[in-house]
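Student: Take a look at the following structure, please.
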Amino acid sequence: MRIRFANGFTLLELLLVLTVSALIIAMVPPLLSRAMPTVNARSTVHDLSAIIRNVRSRAIVLNETRVIYFDRESRTIFEEGGNQELQIDEPLRINVENIRKSEETPKILVAHPDGSINGSVITISGGKKSYILRPNWVTGALSIEDRVDESTM
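Counting along the sequence shown from 1, when you hit position 50 you're at 74 in our numbering, and nothing is skipped either side.
What follows is the structure, encoded as structure tokens:
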């Protein structure tokens, strides 16, 4: 006579799988939280470039000069007239070159009807990366350069 074993898993096997799964799940959030500032910085710089492109397009279509400002108090970049704005979240660092310290809400970019852009180089940093947004004043094109911050390593 043959002995038949029951198909399935033992209680010990199930407990072992659940324990390993719990350990893996517990390890994932710390790894993700370290990457979040970098992801937020990249997302913010892409949102900002979209706003700048939109403002430039509106300047061309409406045949008028459009201005983008930076409010230091609220950490907000906004278009003159309030059509578009971008809030820079707190863990991110922002540096705008060539702005006047005396102005409360300095101009950071001016889009002209001919498609050109005058403005500052904007750096948004988060985590170990910095993203540098450079406007080309002749063509109005934007370039985004990413750099690894040596000071945070």
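Just so you know, even glycine gets a beta-carbon here, dropped at the ideal spot from N, CA and C.
Note that the structure is predicted; figures quoted are calculated from it, not measured.
1) Skipping 5 residues on each side, what residues in its chain have a beta carbon closer than 8 Å to that of Leu133?
2) Got a sec? Which residues, its chain only, sit under 6 Å from Gln108 by beta carbon, not counting five neighbours each side?
3) For the putative contact between Arg99 and Ser149, defined by C-beta atoms under 8 Å, what is the C-beta separation to the nearest angstrom?
4) Counting only the same chain and skipping the five closest in sequence on each side, list residues whose C-beta sits under 7 Å from that of Gly139.
5) How is Arg99 classed by DSSP in three states: helix, strand or coil?
6) Quick check on the burial criterion: 16 or more other C-beta atoms within 10 angstroms. Buried or exposed for Met177?
7) Straight-line CA distance for Arg171 to Lys131?
8) If we ignore side chains and look at the alpha-carbon of each, how far apart do Leu110 and Ala50 end up?
Tutor: Let's see:
1) Ile76, Val79, Val91, Ile92, Ile141, Asn142, Gly143, Ser144 and Pro159
2) Ile75
3) The pair is not a contact, with the Cβ atoms about 13 Å apart (cut-off 8 Å).
4) Arg80, Ile84 and Gly164
5) coil
6) Low local confidence applies: a pLDDT of 48 at Met177 is under 50, so the model's placement there is unreliable, with the coordinate-based value given in what follows. Exposed, because fewer than 16 other Cβ atoms sit within 10 Å of the Cβ of Met177.
7) 25 Å
8) 34 Å
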